[in-house]
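Mind the numbering: the sequence shown is residues 179 to 416 in our numbering, read in order.
Single-structure report; data block below.
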Amino acid sequence: MSTQLEIEDISANYGREPVLTGVSLSVDAAQVTGIVGPNGNGKTTCLRAISGLMPRMSGVVRLNGERIDRLAPEQIARRGIIHVPQGDLVYKKMTVRDNLLVGGTMNPNRAVTADRLEHVLTLFPRLRERLTQTASSLSGGERRMLGIGRGLMAAKMQLLMLDEPSLGLAPLVIDQIYEAINNLSQEGLAILIVEESVERIAATARHLSLLSHGEFVWSGPPAELLASDALAETYLGV
């Protein structure tokens, strides 16, 4: 299985405060990889460092073997890294359709845009049902689907990064979002997900890395992490 993303010894600060210290990770094609850990330990910063939104103090980021850590965020996005941040970042006064089309503005032609739109609506049938409604009329879960769908409208997709896609959502909606994630993985897309809830992502990911105080303290198969002492030590301090 080919490696899509490699990060090596990434460090990042907020001001003078270290947030990430020498973290390394790889994500393979057609695989869901997860970063877990309590809030405030650097998970979001890790995604932002990969996509260029957070300055890195050191380290290397490679996509398909090519260094991208010296590129601007918009150049990294054009290479095919889709970063969907935490929260409901949608244009509330625009319709669902128009929100999605905004994500496809860099597509080379209308045929690509139409294909991407149909793909998103197949992944998220609830968006198809609400295509002409404004985003402000959607539930929190539907807005989360819309945010992910807008990212998937990109012309080039090499890696999908999701920051806490299940945060604050009802279990049924979380199941629907993770069903779409599984489908994308089966289509061959590399996916990197940040979650605080280990149990939710453990059912989907092939590999998990546990982040504590800006460092990976454990990495491996989800079942082994759930049985490890490292999990309780990190979340409960015992």
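Heads up, the beta-carbon is just placed ideally off N, CA and C, and yes, glycines get one too.
The structure displayed is predicted, hence computed values, not measured ones.
Sequence-distant residues of its chain with Cβ nearer than 7 angstroms to residue i (five each side left out)
{"i": "Tyr-356", "result": "Thr-382"}
{"i": "Leu-299", "result": "Leu-305 and Arg-306"}
{"i": "Met-417", "result": "Residue 417 is absent from the structure shown; the chain starts at 179 and stops at 416."}
{"i": "Val-395", "result": "Leu-388, Ala-408 and Thr-412"}
{"i": "Gly-220", "result": "Val-197, Leu-198, Leu-389 and Gly-392"}
{"i": "Leu-249", "result": "Gly-230"}
Whole-angstrom C-beta distance between residue j and residue i, which should lie under 8 angstroms
{"i": "Leu-295", "j": "Met-335", "result": "About 14 angstroms separates the two Cβ atoms, so there is no contact after all."}
{"i": "Lys-270", "j": "Thr-211", "result": "With a Cβ gap of about 32 angstroms, Lys-270 and Thr-211 do not count as contacting."}
{"i": "Ile-260", "j": "Leu-337", "result": "7 angstroms"}
{"i": "Ser-204", "j": "Leu-183", "result": "7 angstroms"}
{"i": "Ile-359", "j": "Arg-378", "result": "No, Ile-359 and Arg-378 are not in contact; Cβ-Cβ is about 11 angstroms, not under 8 angstroms."}
CA-to-CA distance, residue j to residue i, given in whole angstroms
{"i": "Leu-232", "j": "Asn-191", "result": "The amino acid occupying residue 232 in the given sequence is Met; Leu does not appear at that position. Each residue's alpha carbon lies about 9 angstroms from the other."}
{"i": "Gly-319", "j": "Tyr-413", "result": "26 angstroms"}
{"i": "Ala-292", "j": "Glu-402", "result": "42 angstroms"}
{"i": "Pro-251", "j": "Pro-303", "result": "31 angstroms"}
{"i": "Val-239", "j": "Leu-370", "result": "14 angstroms"}
{"i": "Met-284", "j": "Val-290", "result": "10 angstroms"}
{"i": "Gly-282", "j": "Arg-328", "result": "8 angstroms"}
{"i": "Val-280", "j": "Ala-333", "result": "12 angstroms"}
{"i": "Gly-415", "j": "His-297", "result": "44 angstroms"}
{"i": "Ser-314", "j": "Ser-406", "result": "43 angstroms"}
Nonlocal neighbours in the same chain, by C-beta distance under 6 angstroms from residue i, ignoring five residues either side
{"i": "Pro-263", "result": "Asp-341"}
{"i": "Ile-121", "result": "Residue 121 lies beyond the range of the chain shown here (179 to 416); nothing can be said about it."}
{"i": "His-385", "result": "Thr-211"}
{"i": "Pro-400", "result": "Ala-380, Ala-383 and Leu-386"}
{"i": "Pro-343", "result": "Ile-355"}
Beta-carbon contacts of residue i that lie in its chain and below 8 angstroms, excluding the five residues immediately before and after
{"i": "Pro-216", "result": "Glu-374, Ser-390, Thr-412 and Tyr-413"}
{"i": "Thr-310", "result": "Thr-273, Val-274 and Arg-275"}
Beta-carbon proximity of residue i to residue j, cut-off 7 angstroms
{"i": "Ser-363", "j": "Ala-208", "result": "yes"}
{"i": "Leu-198", "j": "Gly-398", "result": "no"}
{"i": "Arg-234", "j": "Ile-185", "result": "no"}
{"i": "Leu-267", "j": "Gly-325", "result": "yes"}
{"i": "Leu-347", "j": "Ala-380", "result": "no"}
{"i": "Leu-241", "j": "Arg-257", "result": "yes"}
{"i": "Thr-181", "j": "Asp-206", "result": "yes"}
Identity of the residues DSSP links to residue i by a beta bridge
{"i": "Ile-371", "result": "Gly-212 and Leu-340"}
{"i": "Val-262", "result": "Leu-340"}
{"i": "Tyr-192", "result": "Glu-195"}
{"i": "Gly-398", "result": "Leu-386"}
beta-carbon residue i near the ligand ADP non-hydrogen atom, thresh 6 angstroms
{"i": "Met-323", "result": "Among the ligands in the structure shown, none appear at all, so the ligand ADP cannot be discussed."}
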